[in-house]
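Participant: The structure follows.
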Amino acid sequence: MKYFDAHTHANFAAYADDRPAVIARAKEAGVGMNTVGTQLDTSTEAVELAGQYDNVWATVGLHPIHTTKSYHDTQELGEGGKEFTSRGEVFDAAAYEILARNPRTIAIGECGLDYFRIDESTKETQIDAFVQQIELANKVGKPLMLHIRNAYEDALEVLKAHAKVRGDVHFFAGDWEVAKKFLDLGFTLSFTGVITFTHDYDEVVKNAPLDMILSETDAPYVTPAPHRGKRNEPAYVALVAQKIAEIRGEDEEAVAAQLLTNVRRVFNIG
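Residue numbers for the sequence shown follow our numbering, beginning at 1 and rising by one.
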């Protein structure tokens, strides 16, 4: 294993036709992956995949947009399941704890807060589900995989009040001032293929300690250059790692090795 995709969705419907081939391409490229759940169904599928492939691990949790009525993403859920999505999911702590205790489960999430195009009345529902997942992570002693969009300050307050574990801020999109607050709490920041086609996050990538950075794809979304316009996949995380090295002006192999070391530490992968 040379690279690690810290946050991907090989469990999603986007890979229904060729999932084994996608995972095989990743393994051939020296890529391990953390397959992340977004609700109970996709979390269960993540754990099942992790049990089938030695380069796949799982993260289980309830995405904040799925705590209330939300849009139906066919890449995530396929053509069916619209009824499930429209009613939202109430976090079932007992069901998630069973998944969380699986030895191939390395984190709890993706959980957090998403205030993008949010109905103000849903904030408390999101916060409640977030707190319950933090408590689960505390209970099982596994790190958090955070999804935070337009809600960094509120998320920081929740974490300070409840979290006894640390983890990763997936798809970090804040500025350096926000980044420092998460780094000071002991959370790593992970970056996606977005950094291959915009300079918006260069300052954070340059300034963050290298031992506090992870690489991810968030596949099937945000495909890195030069594959933009195509479906993303975990094998492409190598392009993200290479771009991190380029932005920092550091040796590619040394950066890749450190990113892998970071993953082993954060997720306790032997």
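C-beta atoms are modelled at their ideal positions from N, C-alpha and C, and glycine is treated no differently.
#1: Grouping DSSP H, G and I as helix and E and B as strand, with all else coil, what is Thr38?
#2: Thr105 to Tyr53, Cα distance in whole Å?
#3: DSSP three-state call for Thr278: helix, strand or coil?
#4: Just verifying my parser: in three-state terms, what is the DSSP assignment at Ala58?
#5: In the DSSP assignment, find the unbroken alpha helix (DSSP H) run with Glu153 in it and report its ends.
#6: Looking at Thr192 and Val222, is the spacing between their C-beta atoms short of 7 Å?
#7: Whole angstroms is fine: what's the gap from Arg265's alpha carbon to Asp218's?
#8: Thinking C-beta only, is Ala6 closer than 7 Å to Leu214?
#9: DSSP beta-bridge partners for Asp251?
#10: From Ala29 to Ala173, what distance separates their C-alpha atoms?
#11: Rounded to a whole number of angstroms, what is the C-alpha to C-alpha distance between Lys230 and Trp176?
Facilitator: Taking the definition as stated:
#1: coil
#2: 13 Å
#3: Nothing in the structure corresponds to residue 278, since the chain is present only between 1 and 270.
#4: Ala58 falls in the strand class under three-state DSSP.
#5: 152-162
#6: yes
#7: Between Arg265 and Asp218, the C-alpha separation is close to 20 Å.
#8: yes
#9: The partner list for Asp251 (beta bridge, DSSP) is empty, contrary to what the question assumes.
#10: 27 Å
#11: 30 Å
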